[in-house]
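First residue of the first sequence: 1, per full-length UniProt numbering; consecutive thereafter. Just so you know, even glycine gets a beta-carbon here, dropped at the ideal spot from N, CA and C.
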Amino acid sequence: MHDNKREMPWKGEKDPYRIWLSEVILQQTRVEQGWHYYTRFIENYPTIRELAAAPDQEVFKCWEGLGYYNRCRNLLSTARTIAFQQNGEFPVQYEDILALKGVGPYTAAAIASFAYNQPYAVVDGNVFRVLARFFNIGTAIDSTAGKQEFSALANEVLDRKQPAFFNQAIMDFGATVCKPVAPLCASCPLRSECAAYHNGTVNQLPVKEKTLNRKHRWFYYFLFEYEGKWLVQQRSAKDIWQGLFEFYLLETEAAMKWDQASVSQWLGEQMGIRKATLVSVSPVSVQQLTHQQIKGQFIHVQLLSIPASLKTQQWLRPAEVAGLAFPKFITQFLNGR
DNA sequence: AATGCGGGGGC
DNA sequence: GCCCCAGCATT
1 MHDNKREMPW KGEKDPYRIW LSEVILQQTR VEQGWHYYTR FIENYPTIRE
51 LAAAPDQEVF KCWEGLGYYN RCRNLLSTAR TIAFQQNGEF PVQYEDILAL
101 KGVGPYTAAA IASFAYNQPY AVVDGNVFRV LARFFNIGTA IDSTAGKQEF
151 SALANEVLDR KQPAFFNQAI MDFGATVCKP VAPLCASCPL RSECAAYHNG
201 TVNQLPVKEK TLNRKHRWFY YFLFEYEGKW LVQQRSAKDI WQGLFEFYLL
251 ETEAAMKWDQ ASVSQWLGEQ MGIRKATLVS VSPVSVQQLT HQQIKGQFIH
301 VQLLSIPASL KTQQWLRPAE VAGLAFPKFI TQFLNGR
C-alpha cells in the first residue's frame, strides 16, 4: 500500500471538529461529491462554536443537494451540545464520541484514530470489501453477524502502532485498487496473499443479502404566487427531504393530466379557489433516488386573493425563498426556469 | 432484524 | 438499469 493515496482536504487533519465534519459529510457519499461541501463548511464555520451559533436554515442551505438531510440535523444538534454544554471541547473517549448524534461505529473509529491515534479500526464499504476478498469471507456484510465478524477482523488486523495511517491506507486501497467493479488484481501488491484471488471469487465478494425495491411516487407542486410572494412550506413528516422546504404539494398514486380545465377544476373543488390564472405547467420532471423514483410537474398559478385554506401558510418574497434549502427535485426546476 | 433516508457516478 | 459510495437512526 504505497502509492494508492488520494489527496483530500481533510487528510492529515488533527482537529476533531474538522475530522468529524468531513466524516459526517462522507457518510454514504463519494469523496468527490463531498469535497466542496466540506470546503464551504470550513470557510463558513471554521470552528464548532461558529457552526453551533448558525441558524438552522443557513446550515441546511449549505447542505442543500448533499442528501440524507438527517445528517445535517444531527450535525447541528451535536455541534450545539459540544459548544454550549461541553465548553466547546470535543469528546476524546471512543464511547463518548460514539454517543454523539449522527456518529456511529465507523465515524467514531475514524475520529478516535485520526484525531487521537487511538486503536479503533474503521469499517466502511471499502474495508468490508478488502477484508471479504483478502480472507475470502462470504458472510453477508449487511447482516448483524457480518457486521460483527468484519468489525472484529478489522480490529485484529489493525496496526495498533499506527491506527490512523492503517485506517487511511486500507480505505485508499479499497477505493483505488480493490474496487467494487474491475479491481486491479493484475497490479495488486497483495494478490499473492489474497484468498479470493486464489479461489476466483473476487467478483462475488463482498456478499449482500438484502435487495432493493423502489417506490414510485408522483409529486405535483403548485407554485402559488400572490402579489410577488410565493407559498412555501417545510417538510416535517418522517419522509424524504425532512426539514427542507417545498411548494404546495399534491401527491398522487398515479399520473395526472394537468391542463387549463383540470387545473381550474381542481383549484375550485379542492382549494376553493375561483379567481386564478394558470401561468404554466412544466414538463414532467424525474428524479431517481436510491429507494424511490419521484416524478412530477410544477404548476404555476397566479392568485388574485389568498383563499382561507392557504392563509396560514408562509408567503415569501423571492429573496427570502432563495435563502431556504430545497430538494434537488425543486432546485433543478427553479434553476431551469 | 428490518426499514428508510439523497444524490451522483461508473458500467 | 443496477450497484456502490469514508453509515446511521428508528422501529
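According to DSSP, is residue i part of a helix, a strand, or is it coil?
{"i": "T252", "result": "strand"}
{"i": "K229", "result": "strand"}
{"i": "L324", "result": "coil"}
{"i": "H2", "result": "Confidence at H2 is low in this model, with a pLDDT of 44, below 50, so the placement of that residue should be treated as unreliable; the coordinate-derived value is given next. It is coil, neither helix nor strand."}
{"i": "R133", "result": "helix"}
{"i": "Y220", "result": "strand"}
{"i": "V127", "result": "helix"}
{"i": "L316", "result": "strand"}
{"i": "V177", "result": "coil"}
{"i": "V263", "result": "helix"}
{"i": "M8", "result": "coil"}
{"i": "T139", "result": "coil"}
{"i": "R40", "result": "helix"}
{"i": "R160", "result": "coil"}
{"i": "Y45", "result": "coil"}
{"i": "F165", "result": "helix"}
{"i": "R337", "result": "coil"}
{"i": "A110", "result": "helix"}
{"i": "G268", "result": "helix"}
{"i": "L21", "result": "helix"}
{"i": "I240", "result": "coil"}
{"i": "G34", "result": "helix"}
{"i": "Q332", "result": "helix"}
{"i": "Y116", "result": "helix"}
{"i": "D15", "result": "coil"}
{"i": "V122", "result": "coil"}
Taking residue i as part of the alpha helix (DSSP H), name the residues at either end of that continuous run.
{"i": "F298", "result": "Taken as a continuous stretch (DSSP letters only), F298 belongs to no alpha helix (DSSP H), being part of the beta strand (DSSP E) at 292-303."}
{"i": "Q27", "result": "Run containing Q27: none; DSSP gives neither H nor E here."}
{"i": "S309", "result": "No alpha helix (DSSP H) holds S309; DSSP gives it neither H nor E."}
{"i": "Q288", "result": "Element bounds for Q288: not the alpha helix (DSSP H) but the beta strand (DSSP E), 285-288."}
{"i": "Q57", "result": "56-63"}
{"i": "L76", "result": "70-85"}
{"i": "K147", "result": "144-157"}
{"i": "E95", "result": "94-98"}
{"i": "E50", "result": "48-53"}
Could you please give me the residues that DSSP links to residue i through a beta bridge?
{"i": "A276", "result": "L303"}
{"i": "E246", "result": "Q233"}
{"i": "V103", "result": "Looking at the DSSP assignment, V103 forms no beta bridge with any residue, so it has no partner."}
{"i": "A281", "result": "Before going further, note that residue 281 is Val rather than Ala in the sequence given. Partner(s): I299."}
For the ligand FAD, any of its heavy atoms closer than 7 Å to the Cβ of residue i?
{"i": "F128", "result": "Among the ligands in the structure shown, none appear at all, so the ligand FAD cannot be discussed."}
Assuming the contact rule is C-beta atoms closer than 8 Å, residue i and residue j should be a hit. Round their C-beta distance to whole Å, please.
{"i": "L223", "j": "H300", "result": "4 Å"}
{"i": "R214", "j": "Q293", "result": "6 Å"}
{"i": "A53", "j": "N136", "result": "With a Cβ gap of about 51 Å, A53 and N136 do not count as contacting."}
{"i": "A322", "j": "Q302", "result": "Not a contact, Cβ separation roughly 20 Å."}
{"i": "P206", "j": "F128", "result": "5 Å"}
{"i": "G104", "j": "L75", "result": "Their Cβ separation, rounded to whole angstroms, is 14 Å, which puts G104 and L75 out of contact at 8 Å."}
{"i": "Y38", "j": "I19", "result": "So it is not a contact: roughly 11 Å between Cβ atoms."}
Every unbroken alpha helix (DSSP H) within the region 182-214, with a cutoff of 4 residues, ordered by chain: For the region 182-214, the continuous alpha helix (DSSP H) assignments of 4+ residues that do not extend past its boundaries occur at 195-199, in sequence order.
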